[in-house]
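Counting from -5, one number per residue, gives the positions in the sequence shown under our numbering. Heads up, the beta-carbon is just placed ideally off N, CA and C, and yes, glycines get one too. Treat the numbers as computed from the prediction; the structure is a model and nothing was measured. To start, the structure under review is shown below, and the notes come after it.
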Amino acid sequence: MLAHRSPALQSENLLTGILTLMVCVLALFGGASGAASWLEATSFVTGAACVWLTVKENVWNFPIGLVNVTTFSVVFFQARLYADAGLQIVYFALGVAGWMMWLHGGANRSPLKVTRAPLVECVLSAVFVSLGTIALWSLLTNVGGSASFWDALTTSLSLASQWLLNRKRVESWLGWILVDVIYVPLYLCKELYLTALLYAVFLAMAVVGLKAWTNSWRLQVNAQEDSGAYQAILT
-5 MLAHRSPALQ
5 SENLLTGILT
15 LMVCVLALFG
25 GASGAASWLE
35 ATSFVTGAAC
45 VWLTVKENVW
55 NFPIGLVNVT
65 TFSVVFFQAR
75 LYADAGLQIV
85 YFALGVAGWM
95 MWLHGGANRS
105 PLKVTRAPLV
115 ECVLSAVFVS
125 LGTIALWSLL
135 TNVGGSASFW
145 DALTTSLSLA
155 SQWLLNRKRV
165 ESWLGWILVD
175 VIYVPLYLCK
185 ELYLTALLYA
195 VFLAMAVVGL
205 KAWTNSWRLQ
215 VNAQEDSGAY
225 QAILT
């Protein structure tokens, strides 16, 4: 079974690696040409590395992600995307929590495995996104934020997606796909062209991540079924 799925896994790893390399090249070009600050370029590289490691279920995505959110908080604040800037601070806390959950969140404090989110968790996430968007939209409108509604929506979606990712839920990638679909035109309107391009690459990586984690979950389910059948034969 593992050998049968290995070509698909190799293809996913290759595609993710190519996308990550694309971001690194764009970051170097942006920094060298002056199209982006070196702080923004650093955000590109660490962001791509973080997503790449997340797709591969590598816990080192969290420390790299902490560097990423620190640099992006400054970039977004300068662009007057206040919710996105504040979101990076929350991401930092969630990153630390997720780091611990991936290491010790499984049975008997074992490493966490990829799972599907139960219906209740999906409904609660949707309610959180709805209420969070309404509350943040009102707040950002009052403080003069740019693109207040979309900023509020992507902020709420990102928080819910990050929480699901911390719990290693397959559905977290669906949230990130939706977030990236919104972010690309939003950053184009803000004239953050390289950031918009980065999130277009993130969108492609999120699609790969959804496929990779779905395959990982199915492998676990099949392994459990095979183990259960074997135990039934023995008894």
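| Query | Result |
| --- | --- |
| Endpoints, alpha helix (DSSP H) assigned at W167 | S166 to C183 |
| Cβ distance (whole Å) where V39 is taken to contact A26 below 8 Å | With a Cβ gap of about 13 Å, V39 and A26 do not count as contacting. |
| Pick from V69, P57, G59 and L75 that is closest to T149, judged by C-alpha positions | L75 |
| Alpha helix (DSSP H) segment containing E51, residue limits | Per DSSP, E51 belongs to no alpha helix (DSSP H) and is neither H nor E. |
| CB-CB length for F70 against A79, believed under 8 Å | 4 Å |
| Length of the line joining the Cα atoms of L188 and Q218 | 44 Å |
| CA-to-CA distance, L147 to W131, given in whole angstroms | 8 Å |
| First and last residue of the uninterrupted alpha helix (DSSP H) at V117 | L113 to V137 |
| Residue of K107, L13 and C44 minimising C-alpha distance to R163 | K107 |
| Residue from L13, C18 and N52 whose Cα sits closest to the Cα of N160 | N52 |
| Inter-residue spacing [alpha-carbon to alpha-carbon] between H(-2) and S67 | Note that H(-2) scores a pLDDT of 45, beneath 50, so its modelled location is shaky and nothing firm can be said. |
| Distance, L125 Cα to V137 Cα | 19 Å |
| Alpha-carbon to alpha-carbon, K184 and L213 | 42 Å |
| Exposure label - L158; buried when at least 16 CB within 10 Å | buried |
| Buried/exposed call for A141, threshold 16 Cβ in 10 Å | buried |
| DSSP-derived helix/strand/coil call for R212 | helix |
| Proximal residues to G100 (C-beta, below 7 Å), its chain only, five neighbours per side dropped | L106 and K107 |
| Residues that DSSP places opposite R163 in a beta bridge | T109 |
| Cα-Cα separation, T208 to Y181 | 30 Å |
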